[in-house]
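In case it helps, the numbering used here puts the sequence shown at residues 5 to 183. No residue lacks a Cβ here, since even glycine has one placed at the ideal position from N, Cα and C. Small disclaimer: the values here were computed from a predicted structure and weren't measured. Below is one structure; the comments refer to it alone.
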Amino acid sequence: MIPLLILGLLIQTPGAHGYELLALMEKRHYKYIVNFTKGSFYYNLQQLEEKGWIEQIQKKPPTLGREIRNYKITGSGMAEFEKLMVKYGTKSEYVNLQFYGALLFADQYDKSKLLELIQSQIDQTKTRIALLDEYLSNTQELPGTIDYYRRMNENSRSHHLINLEWFEQLKTELAGPLA
5 MIPLLILGLL
15 IQTPGAHGYE
25 LLALMEKRHY
35 KYIVNFTKGS
45 FYYNLQQLEE
55 KGWIEQIQKK
65 PPTLGREIRN
75 YKITGSGMAE
85 FEKLMVKYGT
95 KSEYVNLQFY
105 GALLFADQYD
115 KSKLLELIQS
125 QIDQTKTRIA
135 LLDEYLSNTQ
145 ELPGTIDYYR
155 RMNENSRSHH
165 LINLEWFEQL
175 KTELAGPLA
């Protein structure tokens with residue numbers, strides 16, 4: 005998925021340098037789409053260049069400091085972008101929270117500690133909803149266009165609201181016998 009993000013960003017911002025692309029991924033909260041680190045990002049950037057899907061372009065050398073590498077997508081990179089769009093655009097997966105794995109053994113775990121785990125899920129979900137609310141309140145879809153990223157975040161928010169309701173229901177049901 006990281007190659008798709010890098011190629012897509014280079015189509016949107018030709019001539020961008022690595023740090024600029026990484027900053028865009030962080031600013032746009034792509035971490036909610038795919039797990040990535042700075043290291044995995046730069047590894048994928050290097051791999052894309054080695055495969056000939058992106059290439060460095062000449063920009064003015066920096067006056068101070070290190071060399072900045074600016075990139076553009078190549079013709080074969082556009083073909084790879086097309087393949088990746090089909091690959092990920094046709095994929096549908098089950099909603100799978102890692103919490104589900106822990107929940108499989110809830111009956112073998114201390115109930116008060118389980119309540120703490122559920123509360124942690126509630127707190128994290130509320131934080132994600134707040135971040136999405138902040139993003140959505142600061143952006144508007146332009147008339148006559150479809151802002152897919154905004155729509156994805158609206159959908160993500162809906163999922164988080166349902167998860168929050170579910171976590172709170174679990175907590176209530178579990179806390180009942182403790183009272």
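- Collapsing the DSSP output to three states places Ile150 in coil.
- Taking Gly56 as the centre and dropping the five residues before and after it, the same chain places the C-beta of Thr78, Ser80 closer than 7 Å to its C-beta, in chain order.
- When C-alpha distances from Lys130 are compared across Gly180, Ser162, Tyr152, Arg154, the shortest belongs to Ser162.
- Under the 10 Å beta carbon count, Asn167 is surrounded by 16 or more other beta carbons and is classified as buried.
- Listed in chain order, the non-local C-beta contacts of Tyr153 below 8 Å within the same chain comprise Arg32, local neighbours out to five positions each way being set aside.
- Leaving aside the five residues that flank Gln125 on each side, the residues in its chain whose CB is nearer than 6 Å to its CB run, in chain order, Phe103, Phe171.
- Secondary structure in the stretch 8 to 92: the beta strand (DSSP E) runs of 3 residues or longer, each lying completely within the stretch, are 58 to 61, 74 to 77 in chain order.
- A direct Cα-Cα distance of roughly 16 Å separates Thr143 from Tyr34.
- Of the residues assessed, Phe85 falls on the buried side of the cut-off, its CB having 16 or more other CB atoms within 10 angstroms.
- The shortest C-alpha to C-alpha distance from Glu169 to any of Leu13, Gln128, Gln50, Glu24 is the one to Gln128.
- Excluding the 5 residues flanking it on each side, Pro18 has same chain C-beta neighbours closer than 6 Å at Lys76, in chain order.
- Taking C-beta atoms under 8 Å as the contact rule, Ile133 and Leu174 fail to qualify, at a distance of about 17 Å.
- Nearest C-alpha to Ala179 among His164, Thr149, Leu118: Leu118.
- The C-alpha of Leu11 lies about 38 Å from the C-alpha of Leu107.
- When the beta-carbon positions are compared, Leu25 and Leu49 come within less than 9 Å of each other.
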